[in-house]
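First the structure, in the form of structure tokens, and then the observations on it.
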């Protein structure tokens, strides 16, 4: 049986319930709250340089209809981020992946690096990023897109990869996803069928959308090796309840 106190808690886009997602402030807050790791999203600029941002389009947090991949790194790092009406006064900026990586290496905090769908059109940029890349111990790459994990495994076989489950995943053939070491699932998949599929294929799993109210946090399935949450403090506290 897993000891819940040993299951790492990854802060989803940083402590995104308390600070704007995917910003250095959110990552600092996550560390302050005791998170064991950081989940973040990677896309590439027009010139193929990695930035930390979730959406393909800049509309939600920047107010522009441009795509991340249509903007230069200089443009992307210059945008003020935030909800409408708050952006003008915002101190939030989009960080480069290099800046976040330097921060993570300084603090030796593991990263869950999610590779977004836009990278399917910028695979060479991903290959270039992986060349010589050093990440903190315990870091891993995740994606909804299996072919991106195949690239990671080909370029850097030593790094853990995690397939994020969708309705299309073939649970009975989970062992065929050889380029995926681990499965990441929404908490609605926390059911015997899916957990046992992971065990049967010798793959560990992490669950996301955890908020600290889940009963299974105090008695987790042995296959679980991580929780992903907007509320790292609440999940950490919940794991300690008997």
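Numbering (the numbering used here), first residue to last: 878 to 1119. Glycine included, each C-beta is placed from N, C-alpha and C at the ideal position.
Coil, strand or helix - residue i by DSSP
{"i": "residue 1104", "result": "strand"}
{"i": "residue 982", "result": "helix"}
{"i": "residue 1037", "result": "strand"}
{"i": "residue 1063", "result": "strand"}
{"i": "residue 907", "result": "helix"}
{"i": "residue 989", "result": "strand"}
{"i": "residue 902", "result": "helix"}
{"i": "residue 1020", "result": "strand"}
{"i": "residue 951", "result": "helix"}
{"i": "residue 997", "result": "helix"}
{"i": "residue 918", "result": "strand"}
Through-space distance from residue j to residue i, alpha-carbon basis
{"i": "residue 894", "j": "residue 1108", "result": "6 Å"}
{"i": "residue 1094", "j": "residue 1060", "result": "18 Å"}
{"i": "residue 997", "j": "residue 937", "result": "22 Å"}
{"i": "residue 982", "j": "residue 972", "result": "15 Å"}
{"i": "residue 978", "j": "residue 1003", "result": "15 Å"}
{"i": "residue 902", "j": "residue 939", "result": "17 Å"}
{"i": "residue 967", "j": "residue 935", "result": "16 Å"}
{"i": "residue 969", "j": "residue 980", "result": "16 Å"}
Distance CB(residue i)-CB(residue j) smaller than 8 Å
{"i": "residue 944", "j": "residue 922", "result": "no"}
{"i": "residue 931", "j": "residue 1106", "result": "no"}
{"i": "residue 990", "j": "residue 919", "result": "yes"}
{"i": "residue 899", "j": "residue 917", "result": "yes"}
{"i": "residue 1021", "j": "residue 1041", "result": "yes"}
{"i": "residue 836", "j": "residue 1006", "result": "The structure shown has nothing for residue 836, since the chain only spans 878 to 1119."}
{"i": "residue 1102", "j": "residue 1074", "result": "no"}
{"i": "residue 1047", "j": "residue 1091", "result": "no"}
{"i": "residue 913", "j": "residue 887", "result": "yes"}
{"i": "residue 1097", "j": "residue 995", "result": "no"}
{"i": "residue 925", "j": "residue 1032", "result": "no"}
Residues that DSSP places opposite residue i in a beta bridge
{"i": "residue 923", "result": "BP columns for residue 923 are empty, so no partner."}
{"i": "residue 884", "result": "For residue 884, which the question treats as bridged, DSSP gives no partner whatsoever."}
{"i": "residue 973", "result": "928"}
{"i": "residue 1004", "result": "Answer is none; residue 1004 lacks a bridge partner."}
{"i": "residue 1083", "result": "1061 and 1103"}
{"i": "residue 1032", "result": "Note: residue 1032 sits in no beta bridge, so no partner."}
Is the stretch 984-1001 close to the stretch 947-965, with three or more CB pairs under 8 Å?
Counting Cβ pairs under 8 Å, fewer than three are found: no touch.
Are the stretch 1027-1042 and the stretch 1059-1074 touching by the rule of at least three beta carbon pairs closer than 8 Å?
Proximity of the stretch 1027-1042 to the stretch 1059-1074 meets the contact definition, three or more beta-carbon pairs being nearer than 8 Å.
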